[in-house]
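There are 2 protein chains.
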Amino acid sequence: MNIAEGLPQQELKNQFNKTGLRFTPQREAVWRIFEGNPSGYTISQATAALAAQKVGQATVYRTIRALQDLGYLKKVHDQNGERRFVASRPGHSHMLVCRSCSRAVECSDCDLSVLEKLISRQTGFAVEGHHLEFFGLCPECS
Amino acid sequence: MNIAEGLPQQELKNQFNKTGLRFTPQREAVWRIFEGNPSGYTISQATAALAAQKVGQATVYRTIRALQDLGYLKKVHDQNGERRFVASRPGHSHMLVCRSCSRAVECSDCDLSVLEKLISRQTGFAVEGHHLEFFGLCPECS
DNA sequence: AATTTAATGAAAAATACTATCAATTATGAA
DNA sequence: TTCATAATTGATAGTATTTTTCATTAAATT
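Residue numbers (my numbering), protein chains in the order written: chain A, -3 to 138; chain B, -3 to 138.
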């Protein structure tokens, strides 16, 4: 039931290669811990977990950024306001985060265009996009 | 046209006093720079601006946190993904941030309950709330 | 195999944030 | 007002986080 379950490693490798980057064993190791955990990790949790696999701290930082840039990691905020990264599919979507276990699921994109029009009228802004994050209790924690 | 324009200093003072805190000249200085700038400040911008007014770094950190807790500062993300703080009224609301000048305006709360119900059905989550931030171009930058 | 390019990781550097504590300032009671 | 109490400040030290550097290693290309 992972967000990115069934994502072929090949797709990720291709995405890296497309921009001249290499899908190294270290980068694969980083991806694997996220792919395997729907609650994701804070940076410090990830560096700790990956240190056990002999992946250096700088590499973790660099890889998390790369995965973010490719759209395979998204940033969310847990109950404590701490920043976590969770596996996701590329593209715009919204995240729904459990306040108890931090499990995150991706919501299919919801149409806020009506809202954006309303806000444009109210404020005079040309609204171009939004970030939306939901929080609540996941089925297991309910 | 500031978000918090016309907010009486008195109200802020009362809010501080209500919890046993004092509205000191330093805290007032912090508040004033935010009140006067709809684009808000990053922490480092704020510490720099306030150092010129002889407000110490620790006090800036402490005061920003206090103003946040009281609801008079809200955190937004600018075009570079950097965290800024902008003056706001207490309570739940959404922020609309200009990608060019970082000017932020507060949107009256918009009803996402229909969306939340839909997401509950789709995911099984008990949705309790959300964070929503819009970005676009403000009238001046359009 | 030789060459070129990218990635790694250890360490240093830079940045961000928090805690400590003596001195100062405000508040309230007498 | 004066004294006692409590909160605040800011300098500094301390901790944590993130980025950069660079020599080395590994991968891709020729």
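Glycine included, every Cβ here is placed at the ideal spot set by N, Cα and C. Every value quoted in this text rests on a predicted model; they were computed, and no experiment measured them.
Proximity below 8 Å, CB of residue i to CB of residue j
i: residue 130 of chain B; j: residue 112 of chain A; result: yes
i: residue 26 of chain A; j: residue 59 of chain A; result: yes
i: residue 69 of chain B; j: residue 89 of chain B; result: no
i: residue 6 of chain B; j: residue 66 of chain B; result: no
i: residue 126 of chain B; j: residue 108 of chain B; result: yes
i: residue 43 of chain A; j: residue 56 of chain A; result: yes
CB contact below 8 Å: residue i versus chain A
i: residue -2 of chain B; result: For residue -2 of chain B, the predicted model reports a pLDDT of 48, less than 50, meaning its position is unreliable and no value from the coordinates is stated.
i: residue 78 of chain B; result: no
i: residue 75 of chain B; result: no
i: residue 118 of chain B; result: yes
i: residue 92 of chain B; result: yes
i: residue 133 of chain B; result: yes
i: residue 82 of chain B; result: no
i: residue 67 of chain B; result: no
i: residue 115 of chain B; result: yes
i: residue 63 of chain B; result: no
i: residue 125 of chain B; result: yes
i: residue 101 of chain B; result: yes
i: residue 112 of chain B; result: yes
Spatial distance of residue i from residue j (CA atoms)
i: residue 14 of chain A; j: residue 29 of chain A; result: 23 Å
i: residue 79 of chain A; j: residue 21 of chain A; result: 25 Å
i: residue 46 of chain B; j: residue 52 of chain B; result: 8 Å
i: residue 134 of chain A; j: residue 115 of chain B; result: 12 Å
i: residue 8 of chain A; j: residue 19 of chain A; result: 8 Å
i: residue 36 of chain A; j: residue 82 of chain A; result: 4 Å
i: residue 63 of chain A; j: residue 119 of chain B; result: 25 Å
i: residue 138 of chain A; j: residue 122 of chain B; result: 7 Å
i: residue 61 of chain B; j: residue 117 of chain A; result: 33 Å
i: residue 16 of chain A; j: residue 86 of chain B; result: 48 Å
i: residue 105 of chain A; j: residue 124 of chain A; result: 15 Å
i: residue 103 of chain B; j: residue 48 of chain A; result: 46 Å
i: residue 136 of chain A; j: residue 24 of chain A; result: 29 Å
i: residue 31 of chain A; j: residue 50 of chain A; result: 18 Å
i: residue 91 of chain A; j: residue 33 of chain A; result: 15 Å
i: residue 41 of chain B; j: residue 54 of chain B; result: 14 Å
i: residue 4 of chain B; j: residue 4 of chain A; result: 58 Å
Start and end residues, beta strand (DSSP E) containing residue i
i: residue 100 of chain B; result: 100 to 103
i: residue 72 of chain A; result: 69 to 73
i: residue 92 of chain B; result: 90 to 94
i: residue 130 of chain A; result: 122 to 133
i: residue 81 of chain A; result: 79 to 83
Residue-chain proximity (residue i, chain B), Cβ-Cβ < 8 Å
i: residue 86 of chain A; result: no
i: residue 121 of chain A; result: yes
i: residue 28 of chain A; result: no
i: residue 109 of chain A; result: no
i: residue 21 of chain A; result: no
i: residue 95 of chain A; result: yes
i: residue 98 of chain A; result: no
i: residue 89 of chain A; result: no
i: residue 56 of chain A; result: no
i: residue 130 of chain A; result: yes
i: residue 138 of chain A; result: yes
Host alpha helix (DSSP H) of residue i (start-end)
i: residue 58 of chain A; result: 53 to 66
i: residue 42 of chain B; result: 39 to 47
i: residue 12 of chain A; result: 5 to 14
i: residue 114 of chain B; result: 109 to 119
i: residue 28 of chain B; result: 21 to 31
inquiry  = Quick check: the stretch 64 to 84 of chain B against the stretch 93 to 103 of chain B, are at least 3 beta-carbon pairs closer than 8 Å?
reply    = The answer is yes - the stretch 64 to 84 of chain B touches the stretch 93 to 103 of chain B, with three or more Cβ pairs under 8 Å.
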